[in-house]
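Protein chains in written order, with this note's numbering: chain A, 978 to 1259; chain B, 978 to 1259.
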């Protein structure tokens, strides 16, 4: 089994703490621009941030990598901190909410700038630190083949991807019943992202609630997903599911789901299959 | 040339006015749930509507068909009015913001209910009134093949489609520079919607700012679009562009754009091509 990965947030002022964690930890650490991090100013996070007050639809607003690219001093300080930590362990950098190849190129250019600054200052770092992106907008999903040729790994952020694909704010009680991972459109997008990542031979993981939902695990495995980003309390349950099924069973489930045309049908099928294959777990 | 189409909004109280317009008009009339209509409560329209006050992201909230499906008394009154008008002219019904096949099926079921009510009341209507939907969420675009088998025409709402695909609120000055129709992801979605509509042999039109932008007309024609929903002041200019180019030129442009990987490249190419082919118009 691959070593467990931890995700950490990081900026210059946390540098000492990050170094301690990296050097003491037995685990691989994704020192990442995570959804929980300062760098991924999700619309539902830090609502007190100054510009949010003026945004009518913060979920479609200035957040995550967009915020970073418009606040270069802060962004460069964070990149510098991650790069300095990168010589101490298995560090990788992941950028959130990248929607277009242009944005990824711009981000990589800034990263190169910061590397050059470190070179000039004689500061050590890992020049081959792997660079990944979150795939969480339909736009990124639809251009995954191009993006995959320009980075080292994908992390599919299903929560946001579902939200944008269906145009449904999952935090809005008036429409949250429309929010579902079992939508044919989402299954089709996921399938195409996985295909593009495999074709470009880059890593892919899935995060978001779907990855921690036992009903979806067999489907994800059947679609080719092999790395899941889990909520820690769910690890034992998901492990149990994975150990109880064969890949052939999962492949069969994925093939069946691909033929279905409604959320209700997919949801019922996944529930029934889960109960049939794993009566003790559900 | 096909007769010019007008779009009207309609509800029971406007019934007399609608009948007058339909019977007096020389034009075909799409008596539609249009983006400008009461029925398509766009997030940027009628911001005083009660529930909007509680929505953090109205663009991803309770609007358009979602609002109708949760307010059946109002919705049925509107459908009844449109159906009553349908025996007077070339009336069609178009539902906005349909995101899933399930939603379309639910909507059609309610329409059948209203038709049965009219039958019982002995009120005349056209039982074959054509039913169409707006394709304006990535979800609808990705499942267009399934949706096309369940309706008579598509109207591609590019403004919202771009917005959701890129996760960019075009009314937000902090990110509006990221909003563009020239994104490879959008071109790919458009191509696939057009393909699915053609395969199912249903009509397709394109509305939104793109349809009124001379730079995009040749691309749209080359991708197979033949009906455009225009802002009236743009009709002479767009007519001029269409009359000045051949379909072969347009096809060539569409093939070229399909190979491009960035918004900047596509935008520059469309601008340069427009100037080259139509120096007098640009």
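Each residue gets a CB set at the ideal place from its N, CA and C atoms; glycine is no exception.
Its Cα nearest to that of residue 1200 of chain B, the residue B:1173 stands out among B:1209, B:1208, B:1173. Along the stretch 1059-1112 of chain B, the alpha helix (DSSP H) occurs as fully enclosed runs of 4 or more residues at 1078-1098, listed in sequence order. Note on residue 1183 of chain A: 16 or more other CB atoms within 10 angstroms of its CB, so buried under the neighbour-count rule. Contacts between residue 1083 of chain A and chain B, judged by CB atoms closer than 9 Å, are missing: the closest CB pair is about 11 Å apart. Burial state of residue 1149 of chain B is buried, judged by a 10 Å Cβ sphere holding 16 or more other Cβ atoms. Looking from the CA of residue 1131 of chain B, the closest CA among B:1069, B:1141, B:1212, B:1196 belongs to B:1069. Residue state for residue 1259 of chain A is assigned as coil, using DSSP reduced to three classes. Annotation: Cβ neighbours of residue 1123 of chain A in chain B (cutoff 8 Å, chain order): 1161, 1238.
The Cβ neighbour count for residue 1036 of chain A, taken over all protein chains shown within 10 Å, is at least 16; the residue is labelled buried. The shortest C-alpha to C-alpha distance from residue 1114 of chain A to any of A:1257, A:1259, A:1038 is the one to A:1038.
In chain order, 1222, 1227, 1230 place their CB closer than 6 Å to the CB of residue 1195 of chain B, counting only its own chain and leaving out the 5 sequence neighbours on each side.
According to DSSP, residue 1182 of chain A shares a beta bridge with A:1132, A:1204.
Residue contact check for residue 1175 of chain B against chain A: no CB pair falls below 9 Å.
Using a C-beta cut-off of 8 Å, the stretch 1094-1113 of chain B makes contact with the stretch 1047-1063 of chain B, since at least three inter-stretch Cβ pairs fall below that distance. With a threshold of 9 Å between beta carbons, residue 1064 of chain B makes no contact with chain A. Contact of residue 1246 of chain A with chain B is not assigned, every C-beta pair being separated by 9 Å or more. Against chain B, the beta carbon of residue 1193 of chain A has no neighbour under 7 Å; the closest one sits roughly 18 Å away. If the five residues before and after residue 1258 of chain A are omitted, its C-beta is found closer than 8 Å to the C-beta atoms of 1191, 1214, 1217, 1218, 1221, 1251, all from its own chain and listed in chain order. When C-alpha distances from residue 1123 of chain A are compared across A:1048, A:1249, A:1144, A:1081, the shortest belongs to A:1081. With a threshold of 9 Å between beta carbons, residue 1182 of chain B makes no contact with chain A.
Residue environment for residue 1224 of chain B: exposed (fewer than 16 other C-beta atoms within 10 angstroms of its C-beta). Taking a Cβ-Cβ cut-off of 8 Å, the neighbours of residue 1079 of chain A in chain B comprise 1239, 1240, 1241, given in sequence order. Among the residues facing chain B, residue 1102 of chain A is not included, as its CB has no counterpart in that chain under 9 Å away.
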